[in-house]
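Colleague:
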Amino acid sequence: MSGSTGVIYRQFSATIVSAMALSVLVAIVLTPALCATMLKPLKKGEHHVAHRGFAGRFFNGFNRGFDRTSESYQRGVRGILHRPWRFMGIVAALFLLMGVLFVRLPSSFLPNEDQGVLMALVQTPVGATQERTLESIAALEKHFMENEKGAVESVFSVQGFSFAGMGQNAGMAFVKLKDWKDRDADNGVMPITGRAMAALGQIKDAFIFAFPPPAIPELGTASGYTFFLKDNSGQGHDALLAARNQLLGLAAGSKKLANVRPNGQEDTPQFRIDIDVAKASSLGLSIDQVNTTLATAWGSSYIDDFIDRGRVKRVFVQADQPFRMVPEDFDLWSVKNDKGEMVPFSAFASKHWDYGSPRLERYNGVSATEIQGEPAPGVASGDAMAEIEQLAKQLPAGFGVEWTAMSYQERQAGSQTPLLYTLSLMIVFLCLAALYESWSVPTSVLLVAPLGILGAVLANTFRGMERDIYFQVAMLTTVGLTSKNAILIVEFAKEHLEKGAGLIEATMHAVRDRLRPIIMTSLAFGMGVLPLAISSGAGSGAKQAIGTGVLGGMVVGTVLGVFFVPLFFVVVQRVFKKRKATE
Numbered sequence: 044m045s046g047s048t049g050v051i052y053r054q055f056s057a058t059i060v061s062a063m064a065l066s067v068l069v070a071i072v073l074t075p076a077l078c079a080t081m082l083k084p085l086k087k088g089e090h091h092v093a094h095r096g097f098a099g100r101f102f103n104g105f106n107r108g109f110d111r112t113s114e115s116y117q118r119g120v121r122g123i124l125h126r127p128w129r130f131m132g133i134v135a136a137l138f139l140l141m142g143v144l145f146v147r148l149p150s151s152f153l154p155n156e157d158q159g160v161l162m163a164l165v166q167t168p169v170g171a172t173q174e175r176t177l178e179s180i181a182a183l184e185k186h187f188m189e190n191e192k193g194a195v196e197s198v199f200s201v202q203g204f205s206f207a208g209m210g211q212n213a214g215m216a217f218v219k220l221k222d223w224k225d226r227d228a229d230n231g232v233m234p235i236t237g238r239a240m241a242a243l244g245q246i247k248d249a250f251i252f253a254f255p256p257p258a259i260p261e262l263g264t265a266s267g268y269t270f271f272l273k274d275n276s277g278q279g280h281d282a283l284l285a286a287r288n289q290l291l292g293l294a295a296g297s298k299k300l301a302n303v304r305p306n307g308q309e310d311t312p313q314f315r316i317d318i319d320v321a322k323a324s325s326l327g328l329s330i331d332q333v334n335t336t337l338a339t340a341w342g343s344s345y346i347d348d349f350i351d352r353g354r355v356k357r358v359f360v361q362a363d364q365p366f367r368m369v370p371e372d373f374d375l376w377s378v379k380n381d382k383g384e385m386v387p388f389s390a391f392a393s394k395h396w397d398y399g400s401p402r403l404e405r406y407n408g409v410s411a412t413e414i415q416g417e418p419a420p421g422v423a424s425g426d427a428m429a430e431i432e433q434l435a436k437q438l439p440a441g442f443g444v445e446w447t448a449m450s451y452q453e454r455q456a457g458s459q460t461p462l463l464y465t466l467s468l469m470i471v472f473l474c475l476a477a478l479y480e481s482w483s484v485p486t487s488v489l490l491v492a493p494l495g496i497l498g499a500v501l502a503n504t505f506r507g508m509e510r511d512i513y514f515q516v517a518m519l520t521t522v523g524l525t526s527k528n529a530i531l532i533v534e535f536a537k538e539h540l541e542k543g544a545g546l547i548e549a550t551m552h553a554v555r556d557r558l559r560p561i562i563m564t565s566l567a568f569g570m571g572v573l574p575l576a577i578s579s580g581a582g583s584g585a586k587q588a589i590g591t592g593v594l595g596g597m598v599v600g601t602v603l604g605v606f607f608v609p610l611f612f613v614v615v616q617r618v619f620k621k622r623k624a625t626e
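Sequential numbering from 44 applies to the sequence shown in the numbering used here.
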């Protein structure tokens with residue numbers, strides 16, 4: 044997979060593969076030696092003899108309880124095998140339920156993370172003075188240091204710069220929160236951000252937006268979604284601003300969107316110079332000469348370096364200060380034409396004040412303006428992005444939306460996910476087919492995979508979590524774990540079948556012999572991922588996404604798998620046997 048999604052998948056796959064490789068090595072080389080050293084031969088039934096003490100009572104009670112459970116389980120499996128098509132209908136209903144819940148699960152790219160810091164942008168009206176902007180920044184600092192003093196450690200602010208642009212009316216603040224152990228759930232980064240937006244929104248002299256940083260710093264400057272509104276038909280700057288304002292108005296009325304804002308400065312007064320190209324050419328002037336003179340006089344031009352007392356210094360050419368202070372100074376300048384004559388600017392150019400964008404914004408070479416926003420509380424980023432696209436359809440013809448930063452990666456990941464799942468299942472199927480030299484074995488094994496995915500989806504649904512990239516990793520892990528449990532039953536059943544046992548008898552042998560290993564390995568794995576599912580603090584969003592999905596998939600996949608894997612094996616064997624008989 045390409046993009047940041049591919050990087051995340053490669054990191055997880057490298058971790059899992061290396062861990063499994065070491066596990067296989069230990070199981071093959073060291074485990075037999077440990078078994079020979081630690082395990083002692085016991086006579087039949089000796090492990091049921093009551094031992095003294097609490098440990099003896101516990102283990103003997105556990106064994107008796109497990110034996111009764113195993114007997115009930117075997118009766119249940121035998122009843123399922125005697126009514127195969129009725130229970131295959133139940134399985135089909137479970138598969139359908141999995142598909143419906145999976146589609147309805149809100150989608151996003153990455154979960155929100157409490158990184159112990161949040162940021163705030165301050166933007167006062169165009170032309171506001173530095174003092175006016177500082178007053179708004181001071182109000183922001185007061186809110187965090189007084190109203191949120193239980194959760195905020197410090198505030199660092201700067202005036203004249205923000206992610207939206209530079210100028211006297213721009214400002215930015217970085218709010219450092221106290222350590223996670225000193226903050227409860229009500230003082231997480233998202234609740235603090237919500238309270239800040241409600242309080243700072245009362246300041247009428249400035250637009251102030253508070254937001255947490257993105258989960259991956261390299262993918263943008265803020266959490267939420269980022270997109271460009273493009274002028275695909277070249278209708279001009281004024282039409283683009285009108286479309287932007289219309290879209291912002293529509294977004295303000297949507298219950299799925301929050302904090303939708305332009306990521307840039309508003310139009311500012313600009314001194315505009317209009318050059319009559321035809322008249323300049325008739326006077327023997329070229330546009331390059333005119334632009335060079337303007338750039339050198341009113342800006343500067345680097346010429347050379349020189350050595351001054353052992354240090355290298357630069358030489359710049361620029362108009363003297365008294366000749367570039369006010370608009371009227373423009374009439375004092377002239378340009379040399381091709382005849383060596385000085386032609387005043389007033390002979391071929393005019394000047395006037397105008398409003399315009401302080402920066403030239405393009406996206407893929409098309410005039411555009413950047414907009415950022417966040418999903419409303421309880422709304423997934425995927426649903427918020429779909430809402431933006433629906434609102435954009437109400438704009439005049441010729442304007443479109445292009446996702447960028449983390450939002451672009453989310454869309455790209457969504458388009459690649461079906462191919463990833465298909466490829467993963469195909470590789471597992473082919474590997475099992477090559478290992479067991481059979482098509483029926485991998486078919487029986489992989490039929491249990493949707494049951495594990497059902498568990499992962501149910502767990503995320505009950506916890507109100509989203510279908511993000513970490514959940515996708517959890518689902519792929521669940522497919523492998525549930526398939527591993529299925530192999531324990533299918534392989535033993537296949538061995539008994541090859542030894543001459545009947546299909547039902549071979550399956551029941553495998554069910555009886557492999558229940559304890561399946562339960563114990565699944566229980567051990569579940570206890571291992573439980574800390575991830577209930578984690579808190581730094582990185583808890585990613586940990587909970589993986590832990591919840593894997594734990595839910597493991598529990599449901601194991602509980603349903605021990606009943607339905609024998610059914611899958613019997614049904615698949617009968618289907619393949621009929622096909623062979625027909626051939």
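Ideal placement from N, C-alpha and C gives every residue a C-beta, glycine not left out. Since this is a predicted model, take the numbers as computed values, not measurements.
Quick check: what's the CA-CA separation for A529 versus A536?
Modeller: Cα to Cα, A529 sits roughly 11 Å from A536.
Colleague: I believe S377 touches M385 by the beta-carbon criterion, under 8 Å. Please report the beta-carbon distance rounded to the nearest angstrom.
Modeller: At roughly 4 Å, the Cβ-Cβ gap stays under 8 Å, so S377 and M385 are in contact.
Colleague: With a floor of 3 residues, list each beta strand (DSSP E) that falls wholly inside the stretch 118-206, ordered by position along the chain.
Modeller: If we require 3 residues or more, the beta strand (DSSP E) runs fully inside the stretch 118-206 come out as 160-166, 195-205.
Colleague: Is K356 helix, strand or coil by DSSP?
Modeller: Note: K356 maps to strand in three-state DSSP.
Colleague: By the three-class DSSP mapping on this structure, what secondary structure does F388 have?
Modeller: Here F388 sits in helix by DSSP.
Colleague: Under 9 Å, do L466 and L489 count as touching if we go by C-beta distance?
Modeller: Contact flag unset, no.
Colleague: What's the C-alpha gap between L524 and L462?
Modeller: Cα-Cα distance, rounded: 20 Å.
Colleague: Assuming L140 and L497 are in contact, meaning their beta carbons sit under 8 Å apart, how far apart are those beta carbons, in whole angstroms?
Modeller: Contact holds; Cβ gap of about 7 Å.
Colleague: Does the beta-carbon distance from S267 to A427 come in below 9 Å?
Modeller: This sequence places Gly at residue 267; Ser is not what is there. Yes. Within cutoff.
Colleague: Which residue spans inside the stretch 323-358 form an unbroken beta strand (DSSP E) run of at least 3?
Modeller: Complete beta strand (DSSP E) runs here, min 3: 344-351.
Colleague: Thinking just about the alpha-carbon of each residue, which of S61, A581, I577, V598 is nearest to the one in L627?
Modeller: In the structure as shown, the chain begins at 44 and stops at 626. Residue 627 is therefore absent and cannot be evaluated.
Colleague: Using the DSSP secondary-structure output, state which residues sit across from M414 in a beta bridge.
Modeller: Before going on, a small fix: residue 414 reads as Ile here, not Met. I414 pairs with F270, P305.
Colleague: Looking at the unbroken alpha helix (DSSP H) that takes in S483, where does it start and where does it end?
Modeller: Segment 483-489, the alpha helix (DSSP H) holding S483.
Colleague: Decide if E432 is buried, meaning its Cβ has at least 16 other Cβ atoms within 10 Å, or exposed.
Modeller: Exposed, by the Cβ-count rule.
Colleague: Expressed to the nearest angstrom, what Euclidean distance is found between the alpha-carbon atoms of G159 and R238?
Modeller: Each residue's Cα considered, the two are about 16 Å apart.
Colleague: Can you give the Cα-Cα distance for A340 and N190, rounded to whole angstroms?
Modeller: Each residue's Cα considered, the two are about 51 Å apart.
Colleague: What's the call for I118, buried or exposed, on a 16-neighbour Cβ count within 10 Å?
Modeller: Residue identity differs from the one stated: residue 118 is Arg in this sequence, not Ile. R118 comes out exposed.
Colleague: Is the stretch 412-422 in contact with the stretch 293-301, if contact means three or more CB pairs nearer than 8 Å?
Modeller: Yes, the stretch 412-422 is in contact with the stretch 293-301.
Colleague: Just to confirm, is the Cβ distance from M518 to G596 under 9 Å?
Modeller: Closer than 9 Å, so yes.
Colleague: According to DSSP, is G443 helix, strand or coil?
Modeller: Note: G443 maps to strand in three-state DSSP.
Colleague: Quick one: what does DSSP say D209 is sitting in, helix, strand or coil?
Modeller: What sits at residue 209 in the sequence shown is Met, not Asp. Three-state DSSP puts M209 in a strand.
Colleague: For the candidate residues Q364, G383, D381, K382, whose alpha-carbon lies nearest to that of L375?
Modeller: When only C-alpha atoms are compared, the closest one is Q364.
Colleague: Within 10 angstroms of the Cβ of Q166, are there 16 or more other Cβ atoms? Answer buried if so, exposed if not.
Modeller: Buried is the call here.
Colleague: Return the first residue and the last residue of the beta strand (DSSP E) that F535 is part of.
Modeller: Run containing F535: none in the beta strand (DSSP E); it sits in the alpha helix (DSSP H), 512-541.
Colleague: Who pairs with R405 in a beta bridge, going by DSSP?
Modeller: BP columns for R405 point to S410.
Colleague: Using 8 Å for Cβ pairs, my map puts I346 next to F359. What's the rounded Cβ distance?
Modeller: The Cβ separation is near 7 Å, so the contact holds.
Colleague: With H, G and I counted as helix, E and B as strand and the rest as coil, what does DSSP make of G590?
Modeller: In the structure shown, G590 sits in a helix (DSSP, three-state: H, G or I).
Colleague: Contact defined as beta carbons within less than 8 Å: I believe S200 pairs with E184. What is the distance between those atoms, to the nearest angstrom?
Modeller: With a Cβ gap of about 6 Å, S200 and E184 count as contacting.
Colleague: In three-state DSSP terms, what is I51?
Modeller: Helix.
Colleague: Output the boundary residues of the beta strand (DSSP E) element that contains P312.
Modeller: 311-318 is the span of the beta strand (DSSP E), which, as asked, contains P312.
Colleague: In the DSSP assignment, find the unbroken alpha helix (DSSP H) run with F568 in it and report its ends.
Modeller: F568 -> alpha helix (DSSP H) spans 546-576.
Colleague: On a CA-only basis, which of P260, G307, A499 is nearest G590? Give me that one, please.
Modeller: That would be A499, whose Cα lies nearest to the Cα of G590.
Colleague: By how many angstroms is the C-alpha of R129 removed from the C-alpha of G600?
Modeller: Rounded to the nearest angstrom, the two C-alpha atoms are 20 Å apart.
Colleague: Using DSSP's beta-bridge definition, name the partner residues of F250.
Modeller: Beta-bridge pairing links F250 to Q166.
Colleague: Assuming contact is defined by CB atoms lying nearer than 9 Å, are T335 and S325 in contact in what I supplied?
Modeller: No; because the gap between Cβ atoms is not below 9 Å, this pair is not in contact.
Colleague: Going by DSSP, what residues sit across from M215 in a beta bridge?
Modeller: Looking at the DSSP assignment, M215 forms a beta bridge with L164, V201.
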